[in-house]
Amino acid sequence: MIERIRAILRDHGRLSVDAGLLGDDTNLYEAGMSSHASVNVMLALEGEFDVEFPDAMFRREVFGTMGAIRAAIVELTKGR
Amino acid sequence: MNIEYTPEKLYDDLVAHKLIIPVGVPGIFGRGAGFEDVLRRFDALVSRVAQGDGAEVMLFPPTLDRRVLEKSEYLDSFPHLAGAVFSFFGKDSELPRLSGAVHAGQSWEAWQKMTDVVLTPAACYPVYPTFTGIIPERGHLVDMQNWVFRHEPSAEPTRMQAFRVREFVRVGTPDVVVDWRDMWLQRGVELLQSLGLPAHSDVASDPFFGRGGKMLAASQREQKLKFEVLIPVISESAPTAVCSFNYHHDHFGKIFDIKTASGAFAETACLGFGLERCVMALFKTHGMVPAEWPKAVREKLWGDAR
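See the structure below:
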């Protein structure tokens, strides 16, 4: 799953660093992801994993690291 | 004092006292002499309060280079509020078709093309591109009053499609910009309270478009990037924002390549008084006849006790 998240960040995150160098806990905002880029990342994640983020998940920490994104996807796909 | 707060009551009262002049399009109306007098007096009061700050005055027309809007991500955030200017680029031979459609009451969009200008969506937008390069050590401080456009037609009088904003912009290092914003937040509340208005400030978010917009609004709120000063004007429970404070971090610094002497992207913040809303708050709070307003308020605005 983490590689699919990494690919989305590479395509949509507008990062100032190589997405290949991101660790699970690397702060994506510090890696250059703007608020607008995080929206595109969110929409791409919804398409890739066939999920819909509820409003309550629209918090910066939910999209702040690859690990946090993975935890959110796991939560949304639980029981599938 | 018992005040009835509804949008209809405020609109009807303003019209009845010739303070606003309906023109038939929601969110667009003329301003009468009494309204303009209060607006100018209020604007002058803001000038007096800001007098010692040494801001550079800039005045722009209500139109903006379309590229500035495109680069600023405004269309990513507020596509529903933006207004672009279109015009006729055709030849003589095409005029009859345009003219025919107009006079037949049909759509004439097909003979219009986008021009290089858009309607200014926020008073500060023309300013940022003028700072490209290295800023001086003290940064920049700009003072302006501009007409802005928002495509949000509404019969509710405080929600206008075109209105004036008295705006200040600060450009500098993060410390300088945030201290300035905090200073003005307090100053803005005090200024409005000194006019007998029940003003208070609160964290706010912009009306970003769509689902992505919900995420942007949540992020803006979480980072406390936007504050508003609020006063009851059309509702007691949902007071109206009359002054707005936005901290952009290095958003505009990056887009327009504005840097500090150390080579870092400069940060920016702005604050704007929605002048018509401030004036409406005064009329709503003190009544439709300025001659009957409290003496202290009149002294503050007119400098006498007429």
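In order, the protein sequence lines correspond to chains A and B.
Quick note on our numbering: the first sequence kicks off at 1 and runs consecutively.
Quick note on our numbering: the second sequence kicks off at 1001 and runs consecutively.
Where a beta carbon is used, it is the ideal one built from N, C-alpha and C, also for glycine.
Out of the options, which has the shortest C-alpha to C-alpha gap to residue i?
i, options, result
"Arg1166 of chain B", "B:Pro1174, B:Met1144, B:Ile1134", "B:Met1144"
"Gly1352 of chain B", "B:Leu1225, B:Glu1109, B:Lys1259", "As shown, chain B starts at 1001 and ends at 1306. That puts residue 1352 of chain B outside it, with no answer to give."
"Val1169 of chain B", "B:Met1160, B:Gln1112, B:Trp1180, B:Glu1222", "B:Trp1180"
"Gly1212 of chain B", "A:Ala7, A:Ser34, A:Glu30", "A:Ser34"
"Trp1108 of chain B", "B:Phe1089, B:Tyr1125, B:Tyr1011", "B:Phe1089"
"Gly1027 of chain B", "B:Arg1277, B:Lys1284, B:Val1297", "B:Arg1277"
"Val1127 of chain B", "B:Cys1270, B:Leu1282, B:Ala1296", "B:Cys1270"
"Pro1096 of chain B", "B:Tyr1011, B:Phe1086, B:Ala1110", "B:Ala1110"
"Glu1222 of chain B", "B:Ile1003, B:Ser1205, B:Phe1209, B:Thr1132", "B:Ser1205"
"Gln1186 of chain B", "B:Asp1175, B:Val1176, B:Asp1202, B:Pro1174", "B:Asp1202"
"Val51 of chain A", "A:Thr77, A:Tyr29, A:Thr65, A:Ala71", "A:Thr77"
"Phe1078 of chain B", "B:Ser1237, B:Phe1265, B:Gly1210", "B:Gly1210"
"Asp55 of chain A", "A:Asp25, A:Ala72, A:Thr26, A:Ala19", "A:Ala72"
"Gln1075 of chain B", "B:Leu1230, B:Val1189, B:Val1118", "Contrary to the premise, residue 1075 of chain B reads as Leu rather than Gln in this sequence. Here the closest residue by C-alpha is B:Val1118."
"Leu1282 of chain B", "B:Val1297, B:Val1025, B:Val1148", "B:Val1297"
"His12 of chain A", "A:Glu75, A:His36, A:Ile69, A:Phe49", "A:His36"
"Pro1136 of chain B", "B:Arg1067, B:Ser1047, B:Val1176, B:Cys1124", "B:Val1176"
"Gly1263 of chain B", "B:Asp1250, B:Leu1275, B:Glu1156, B:Leu1019", "B:Asp1250"
"Cys1124 of chain B", "B:Asp1116, B:Arg1040, B:Gly1272", "B:Gly1272"
"Pro1157 of chain B", "B:Asp1092, B:Gly1303, B:Leu1019", "B:Leu1019"
"Leu994 of chain B", "B:Gly1253, B:Val1242, B:Phe1163", "One cannot answer for residue 994 of chain B here, as it falls past the ends of chain B, which runs 1001 to 1306."
"Arg1066 of chain B", "B:Asp1257, B:Asp1013, B:Asp1116", "B:Asp1116"
"Tyr29 of chain A", "A:Met57, A:Glu61, A:Glu46", "A:Glu61"
"Asp24 of chain A", "A:Ile8, A:Glu46, A:Phe53, A:Ala68", "A:Ala68"
The beta strand (DSSP E) spanning residue i covers which residue range?
i, result
"Tyr1247 of chain B", "1240-1249"
"Met66 of chain A", "Here Met66 of chain A belongs to no beta strand (DSSP E); instead the alpha helix (DSSP H) covers 66-76."
"Glu1228 of chain B", "1226-1231"
"Val1178 of chain B", "Run containing Val1178 of chain B: none in the beta strand (DSSP E); it sits in the alpha helix (DSSP H), 1174-1193."
"Ile1020 of chain B", "1020-1022"
"Lys1113 of chain B", "1113-1119"
"His1200 of chain B", "1200-1203"
"Ala1084 of chain B", "1084-1087"
"Asp18 of chain A", "Where Asp18 of chain A is concerned, there is no enclosing beta strand (DSSP E), given that its DSSP letter is neither H nor E."
"Val1015 of chain B", "Segment 1007-1016 is the alpha helix (DSSP H) holding Val1015 of chain B; no beta strand (DSSP E) there."
"Asn1146 of chain B", "1140-1149"
Decide if residue i is buried, meaning its Cβ has at least 16 other Cβ atoms within 10 Å, or exposed.
i, result
"Phe63 of chain A", "buried"
"Gln1220 of chain B", "buried"
"His1248 of chain B", "buried"
"Ala1291 of chain B", "exposed"
"Ala1305 of chain B", "No answer about Ala1305 of chain B holds up, because its pLDDT of 44 lies below 50 and its placement is not dependable."
"Thr1006 of chain B", "exposed"
"Asn1246 of chain B", "buried"
"Glu1267 of chain B", "buried"
"Pro1340 of chain B", "Any answer about residue 1340 of chain B is impossible in this case: the structure gives chain B only from 1001 up to 1306."
"Thr1132 of chain B", "exposed"
"Thr65 of chain A", "buried"
"Ser1072 of chain B", "buried"
"Asn1002 of chain B", "exposed"
"Gln1051 of chain B", "exposed"
"Met965 of chain B", "Examination of residue 965 of chain B is not possible in this model, given that chain B is present from 1001 through 1306 alone."
"Ser1154 of chain B", "exposed"
"Ile5 of chain A", "buried"
"Val1289 of chain B", "exposed"
Output the boundary residues of the alpha helix (DSSP H) element that contains residue i.
i, result
"Lys1214 of chain B", "1210-1222"
"Lys1284 of chain B", "1275-1286"
"Phe1042 of chain B", "1033-1050"
"Ala1075 of chain B", "One point to set straight first is that residue 1075 of chain B is Leu, not Ala, in the sequence displayed. Its alpha helix (DSSP H) spans residues 1074-1077."
"His36 of chain A", "35-49"
"Leu1289 of chain B", "Just to set this straight, residue 1289 of chain B is Val in the shown sequence, not Leu. No alpha helix (DSSP H) holds Val1289 of chain B; DSSP gives it neither H nor E."
"Ser1099 of chain B", "1095-1103"
"Leu9 of chain A", "2-12"
"Asp1206 of chain B", "No alpha helix (DSSP H) holds Asp1206 of chain B; DSSP gives it neither H nor E."
"Trp1302 of chain B", "1295-1302"
"Val1068 of chain B", "1066-1071"
Would you grab the beta carbon distance between residue i and residue j for me? Rounded to a whole angstrom, and I think it's under 8 Å.
i, j, result
"Ala1218 of chain B", "Arg59 of chain A", "6 Å"
"Thr1285 of chain B", "Gly1196 of chain B", "6 Å"
"Pro1121 of chain B", "Leu1069 of chain B", "7 Å"
"Val39 of chain A", "Met1215 of chain B", "5 Å"
"Asn1146 of chain B", "Pro1207 of chain B", "Not confirmed; about 20 Å, so no contact."
"Lys1300 of chain B", "Ser1194 of chain B", "6 Å"
"Leu1045 of chain B", "Met1280 of chain B", "Incorrect: roughly 16 Å between the Cβ atoms, too far for contact."
"Glu1036 of chain B", "Val1142 of chain B", "Incorrect: roughly 24 Å between the Cβ atoms, too far for contact."
"Met1114 of chain B", "Ala1084 of chain B", "5 Å"
I'd like to know if residue i contacts chain D, where contact means its C-beta is closer than 7 Å to some C-beta of that chain.
i, result
"Trp1184 of chain B", "The structure shown has no chain D; the protein chains it does contain are A and B."
>> Counting only Cβ-Cβ distances shorter than 7 Å, please list the residues of the segment 5-19 of chain A near chain B, keeping chain order.
In response: Cβ contacts with chain B come from no residue of the segment 5-19 of chain A.
> What residues in the segment 51-69 of chain A bring their beta carbon closer than 7 Å to a beta carbon of chain B?
Replying inline: Asp55, Phe58, Arg59, Arg60
> Name the residues in the segment 1209-1225 of chain B whose C-beta lies less than 7 Å from a C-beta of chain A; which are they?
Replying inline: Cβ contacts with chain A come from Gly1212, Lys1214, Met1215, Leu1216, Ala1218, Ser1219, Glu1222.
>> Along the segment 1074-1098 of chain B, where does the CB come closer than 8 Å to a CB of chain A? Name the residues.
In response: Answer in chain order: Asp1076, Ser1077.
>> Against chain B, which members of the segment 29-42 of chain A pass a CB distance test of less than 9 Å?
In response: Residues Ser34, Ser35, His36, Ser38, Val39, Asn40, Met42.
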